[in-house]
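With the sequence shown counted from 1, adding 19 to any position gets you my numbering.
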Amino acid sequence: MPESVLPSGVEEFPCGLVLPADLDDGDWTRLAQRFAARRRAASWALADLILHAEGKRHDMYNWASQTCGVAYGTCANLASAARAFELSRRRETLSISHHLAVASLEPADQDRLLDTAEKEQWSREKLREEVRRMATPVNEGPGSERRLLPSEVRQVDQKPTMSLDPPVDMESSPVSAGTDRQGRTLKDALADLRAIDRDFPDIVGLREVIEKLERRVAALTMGQRVLH
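Have a look at this one:
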């Protein structure tokens, strides 16, 4: 079925499809695969556009969020994916979330896991499990420590950046009057992280960050009530 041709009785509109009751399984499968591929291509295209303009605008993510109707955190994540994976290393049958799941690894490990995920048709969750396994000591026991992922080793001598693996210790992070160092409230940061979690649920450590930030916000809120 050519891309421009729809099965009999199927109509496409900007907000969805009209489908006939007697649509057969073959046409359903081809349509599902077509639109799934479109979604992946559209996500990568938006990622490349955001990355292209990243150095040209100081408010790039805010601008892209307002222009495209995509959450600020999602724009940042899309740019990270485009930066980490040049066009030749992207897998057509895997989502951007699959690629982000392995972004903390060295390129050779990224390619190996993505190849396996593509061949075995792994879900994002399965791929996340494999990444976590690589960061877990072979012989766990008293005194054992989690192995650092390559990206964590590289970050030791780099300027601090947002990292979701390992999770950020929000309880011990310096916070003043309920705001972070960039002047944004913790509630705003929490909203951004929740949006990222909805769009990219496979990011290792993100859920732990959100839970710790929720506890921190709750504690600050309780403290403010006591003061008043």
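Beta carbons: idealized from backbone N, C-alpha and C, even for Gly. Note that the structure is predicted; figures quoted are calculated from it, not measured.
Sub-8 Å separation of residue i and residue j beta-carbons
i	j	result
Arg-209	Glu-233	In the sequence under discussion, the amino acid at residue 209 is Leu, which differs from the Arg named in the question. Result yes, Cβ atoms of Leu-209 and Glu-233 sit closer than 8 Å.
Leu-113	Glu-137	yes
Val-29	Pro-39	yes
Leu-106	Val-121	no
Ile-115	Trp-82	no
Ala-101	Leu-70	yes
Ala-127	Leu-97	no
Glu-119	Ile-222	Note that residue 119 corresponds to Leu in the displayed sequence, not to Glu. Yes.
Glu-111	Arg-59	yes
Residues bridged to residue i (per DSSP)
i	result
Glu-144	Per DSSP, none; premise fails for Glu-144.
Val-37	Glu-30
Assumed close pair residue i, residue j - CB separation to whole angstroms, cut-off 8 Å
i	j	result
Tyr-91	Ser-84	5 Å
Leu-212	Leu-225	7 Å
Asp-130	Arg-109	Wrong, their Cβ atoms sit about 11 Å apart, outside the cutoff.
Ala-214	Thr-86	About 16 Å separates the two Cβ atoms, so there is no contact after all.
Pro-26	Leu-42	7 Å
Val-150	Leu-124	7 Å
Residue range of the alpha helix (DSSP H) that includes residue i
i	result
Ser-99	91–103
Thr-135	126–139
Phe-54	44–72
Ser-123	Careful: Ser-123 lies outside any alpha helix (DSSP H) and carries neither H nor E.
Ala-83	79–87
Chain D within 8 Å of residue i, Cβ atoms only
i	result
Ser-84	The displayed structure is made up of one protein chain only, and chain D is not part of it.
Query raised in the report: Is the number of C-beta pairs between the segment 73–82 and the segment 46–57 that are closer than 8 Å three or more?
Result: no
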